[in-house]
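Chains A and B, in that order, are what the protein sequence lines are. Counting with the numbering used here, you get residues 61 to 546 for the letters of the first sequence. Counting with the numbering used here, you get residues 26 to 275 for the letters of the second sequence. The beta carbon of each residue, even a glycine, is placed where N, CA and C say it ideally should be.
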Amino acid sequence: MRAARWWLAIALLPLVSAPAWAESTLERVRRSGTLRIGTDATYPPLEYVEGGRCEGFEIDLANALARDLGVRAEFVNASFDGIFPALANGSFDAVISSVTITPERSASMLFSDPYYESGQRIAVRRSTQGIAGPDDLVGKRVGVQINTTAQYELEKRRGITLTPYNTIDLALLDLQAGRIDAVVGDAPVLQYMIRQSFAGLETVGRRFTDERFGIALARSSDDLRRALNAALWRIEQSGEFDRLNQKWFGEASERSGEPVATPRAFDAGILARTWRFLLAGVWLTARLSLSSLAVALPVGLAIALARLRPGAWLALPAAVYVEFVRGTPLLVQILFIYFVLPTFGVHLPAFTSGAIALSLNSAAYTSEIFRAGVLSIDEGQMEAARALGMTDAQAMRRIILPQTFRRVVPPVTNEGIALLKDSSLVSVIGLTELARTGQELASRYAAPLTIWPLVALFYLLMTFPLTRAAEYLERRWRPVTRSERL
Amino acid sequence: MIEVTDLVKRYGTHTVLGGASFTIEDGQIATILGRSGCGKSTLLRCLNRLEQFERGRIGIGDVEILGAEERTLSRAEERALTRRVRARVGMVFQNLNLFPHLTVMENCIEAPRVVKRLARAEAEAIARRYLDRVELSDKIDAYPAQLSGGQQQRVAIARALAMEPDVMLFDEPTSALDPQLVDDVARLLRDLHELRKTLVVVSHDLGFARRISDRVIYLEDGRVVESGTVEDVFNAPRRPETRAFVRGLS
Numbered sequence: 061m062r063a064a065r066w067w068l069a070i071a072l073l074p075l076v077s078a079p080a081w082a083e084s085t086l087e088r089v090r091r092s093g094t095l096r097i098g099t100d101a102t103y104p105p106l107e108y109v110e111g112g113r114c115e116g117f118e119i120d121l122a123n124a125l126a127r128d129l130g131v132r133a134e135f136v137n138a139s140f141d142g143i144f145p146a147l148a149n150g151s152f153d154a155v156i157s158s159v160t161i162t163p164e165r166s167a168s169m170l171f172s173d174p175y176y177e178s179g180q181r182i183a184v185r186r187s188t189q190g191i192a193g194p195d196d197l198v199g200k201r202v203g204v205q206i207n208t209t210a211q212y213e214l215e216k217r218r219g220i221t222l223t224p225y226n227t228i229d230l231a232l233l234d235l236q237a238g239r240i241d242a243v244v245g246d247a248p249v250l251q252y253m254i255r256q257s258f259a260g261l262e263t264v265g266r267r268f269t270d271e272r273f274g275i276a277l278a279r280s281s282d283d284l285r286r287a288l289n290a291a292l293w294r295i296e297q298s299g300e301f302d303r304l305n306q307k308w309f310g311e312a313s314e315r316s317g318e319p320v321a322t323p324r325a326f327d328a329g330i331l332a333r334t335w336r337f338l339l340a341g342v343w344l345t346a347r348l349s350l351s352s353l354a355v356a357l358p359v360g361l362a363i364a365l366a367r368l369r370p371g372a373w374l375a376l377p378a379a380v381y382v383e384f385v386r387g388t389p390l391l392v393q394i395l396f397i398y399f400v401l402p403t404f405g406v407h408l409p410a411f412t413s414g415a416i417a418l419s420l421n422s423a424a425y426t427s428e429i430f431r432a433g434v435l436s437i438d439e440g441q442m443e444a445a446r447a448l449g450m451t452d453a454q455a456m457r458r459i460i461l462p463q464t465f466r467r468v469v470p471p472v473t474n475e476g477i478a479l480l481k482d483s484s485l486v487s488v489i490g491l492t493e494l495a496r497t498g499q500e501l502a503s504r505y506a507a508p509l510t511i512w513p514l515v516a517l518f519y520l521l522m523t524f525p526l527t528r529a530a531e532y533l534e535r536r537w538r539p540v541t542r543s544e545r546l
Numbered sequence: 026m027i028e029v030t031d032l033v034k035r036y037g038t039h040t041v042l043g044g045a046s047f048t049i050e051d052g053q054i055a056t057i058l059g060r061s062g063c064g065k066s067t068l069l070r071c072l073n074r075l076e077q078f079e080r081g082r083i084g085i086g087d088v089e090i091l092g093a094e095e096r097t098l099s100r101a102e103e104r105a106l107t108r109r110v111r112a113r114v115g116m117v118f119q120n121l122n123l124f125p126h127l128t129v130m131e132n133c134i135e136a137p138r139v140v141k142r143l144a145r146a147e148a149e150a151i152a153r154r155y156l157d158r159v160e161l162s163d164k165i166d167a168y169p170a171q172l173s174g175g176q177q178q179r180v181a182i183a184r185a186l187a188m189e190p191d192v193m194l195f196d197e198p199t200s201a202l203d204p205q206l207v208d209d210v211a212r213l214l215r216d217l218h219e220l221r222k223t224l225v226v227v228s229h230d231l232g233f234a235r236r237i238s239d240r241v242i243y244l245e246d247g248r249v250v251e252s253g254t255v256e257d258v259f260n261a262p263r264r265p266e267t268r269a270f271v272r273g274l275s
């Protein structure tokens, strides 16, 4: 199924292979008593977040496997982009996240025996006639989740107009709105979401692909793979596997969500259930952005000053730094700091890694704001200060920079707001900031129309004080103008 | 005494000053005259080391500056030389370059505090003395943008004086002023004479030069072609070109 930004994981893999001298994965799991599992919990009923905790069929299965091995399962909820590099560099022991076993993936990682059979199904509006299988999709507009096996499968067939969506709930929403004719996705997820909140939709026909999910492991974890296979076999023999199947996919399943009568727009009941998690997301986003900005401003100023000094040996590396940071995607920088640095022995927690990546990125942009600000000050100011006997450093500190700061308040405010919103990218390394919280809640409640406006509102509430602070500074520092003659 | 000997200044292949020489006695007011582009502003900037020059010598009291081709200075030597020159020579720029984010008083105490490390009270006492002298005591809390052009010029003069230099350089002090204000500036400069400062003024205003100067230096194409008292240069110029200039503009 899902393989979002697969190229990124592939590109980073050679950089993050675990060193040969490390203890084996199974030894580490036994010694520490924890099995660390990476998952992208936005895929109910297989894995999703409920009340701040991971839930779902695969979560229960992972807990059962850990119990069988005599250890505790610890879940790290991260977006699909970030899971595989983290697996390769040893941040997780295993990935259980509806990963279809494919030949390409088998080349770069190990898989357990398959534990679940899935396949693609078609969802349509109840009023639609004449769509019962993939052959009927020719000439239709079909929604899929981006980079999934659904997309790959349909691309092989001619005559279908594909529309890829970031998450499956958005595709269903568009189907309900009538902009597309059908949605193709993993059968259990489609069924769950339709039951949950798309009363006007239904699944039709049979699964038309056979896909098998496996537990993904790093290439060096063969011993853990064998232990997990044995545990899977024992769980199946004991009947526990059937019980889980019944619990999550049986006809009488309560967990599949209560059906609702009408498609919902804004739902106040969901707000009551989710505001605490949204606030937790706000808090993380705010801490992350403010601490990053607090580092980015002085570092940006230092870079600007290094570049402004003619002939200083630091000017060249500073210029290279700015070029490099501005020329590469922030997402790659975040992944690099979190996943690649550990191979050089630098192990940083996710928050620190995210804050460092955001700071260093923003510093490159703020340095250009400061540099432009300094260059905008009339040369005569520097000359006057020097003629009075000040050194260049004194003139910079006492005359040029105070005037620069007044001028750069508006662009620096811009940069601060951009940083706040860019901080959503750290979800790839498992930080549940506001946007990620929104993603989890929107898929859990299949209510994007309620959750995303709320997320937007909370972002607005965070940028507002920033804008006000900037207005205050501008008023206080306003260069005195002619109109105020004494 | 200011002694300038065979000063050569080039920008690339363009020679701005081609061997200028003159002397100015302590306490004199000297005016450097000449058409625009003759090198007079560059010459002024050489006197306080805002510009370096290739050859020749400038002596200001016991401070000696030599051309870059004659003596190469290390960074530390250059810094030490610049410090000594600037301690002795103050400058009032053509467009003043007041610090717009500082009040009149702050403009005048910034350099004394930063460069001479004076305490605020001491720096303010000195600044007040010079602000009194330029009749701006009632404007000390104003910002430059709140003042008229003439007042701004007097702030620039007080700011330079607050560093207590021996020599004051003025670049085109009358260029931006109304005719009646030119009288005020002339009076102010004569007044600085009482402080026993040596003044070097760049101007193309002959009437102004005639009224204030003890000595006139006429520059053409980077060379001093006339040098002497006001009477010498204005009434009995040695060269026909100078005569035309003096007649044409006065």
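Under three-state DSSP, which class holds residue i?
i	result
A45 of chain B	strand
K34 of chain B	strand
H229 of chain B	coil
S487 of chain A	helix
A187 of chain B	coil
E266 of chain B	helix
E107 of chain A	strand
C71 of chain B	helix
E256 of chain B	helix
L143 of chain B	coil
I27 of chain B	strand
D452 of chain A	helix
M193 of chain B	strand
R185 of chain A	strand
I54 of chain B	strand
V131 of chain A	coil
V159 of chain B	coil
M116 of chain B	strand
I156 of chain A	coil
Mind checking who residue i pairs with in its DSSP beta bridge?
i	result
N137 of chain A	A:T99
D246 of chain A	A:Q180
L222 of chain A	A:V202
C114 of chain A	A:V109
D239 of chain B	D239 of chain B pairs with nothing; no bridge assigned.
L217 of chain B	Answer is none; L217 of chain B lacks a bridge partner.
Among the candidates the options, whose CA atom is the shortest distance from the CA of residue i?
i	options	result
E256 of chain B	B:L214, B:R248, B:G232	B:G232
A124 of chain A	A:A432, A:S298, A:T497	A:S298
V225 of chain B	B:T67, B:V33, B:L127	B:T67
V29 of chain B	B:S238, B:F47, B:S173, B:M116	B:F47
R369 of chain A	A:T473, A:D195, A:E534, A:A453	A:A453
L344 of chain A	A:L480, A:L304, A:F430	A:L480
A167 of chain B	B:P125, B:P262, B:R154	B:P125
Y519 of chain A	A:S352, A:Y532, A:T497, A:A507	A:T497
F465 of chain A	A:A432, A:A146, A:M442	A:A432
Would the beta-carbon of residue i fall within 8 Å of that of residue j?
i	j	result
N73 of chain B	L194 of chain B	yes
L501 of chain A	I511 of chain A	yes
A378 of chain A	I363 of chain A	yes
L509 of chain A	A287 of chain A	no
A366 of chain A	I397 of chain A	no
G6 of chain B	L244 of chain B	Since the first residue shown for chain B is 26 and the last is 275, residue 6 of chain B is missing from the structure and cannot be characterised.
S503 of chain A	Y103 of chain A	yes
I224 of chain A	V204 of chain A	Strictly speaking, residue 224 of chain A in this sequence is Pro, with Ile absent from that position. Yes. Within cutoff.
P190 of chain B	G84 of chain B	no
G193 of chain A	G116 of chain A	no
L214 of chain A	V202 of chain A	yes
V382 of chain A	A424 of chain A	yes
Using a Cβ-Cβ distance under 8 Å, would residue i count as near chain D?
i	result
L448 of chain A	The structure shown contains no chain D; its protein chains are A and B.
Subject >> Three CB pairs or more closer than 8 Å across the region 173-189 of chain A and the region 225-236 of chain A >> reply: yes
Subject >> At least 3 beta-carbon pairs within less than 8 Å: the region 90-103 of chain A vs the region 124-139 of chain A >> reply: Flag = yes, the region 90-103 of chain A and the region 124-139 of chain A touch.
Original post:
Do the region 38-56 of chain B and the region 522-530 of chain A make contact, defined as three or more Cβ pairs closer than 8 Å?
Top reply: no
**OP:** Kindly confirm or deny that the region 415-433 of chain A and the region 103-111 of chain B touch, where touching means at least three C-beta pairs closer than 8 Å.
**Re:** no
**OP:** Inspect the CB distances between the region 198-210 of chain B and the region 122-138 of chain B and report whether three or more fall short of 8 Å.
**Re:** no
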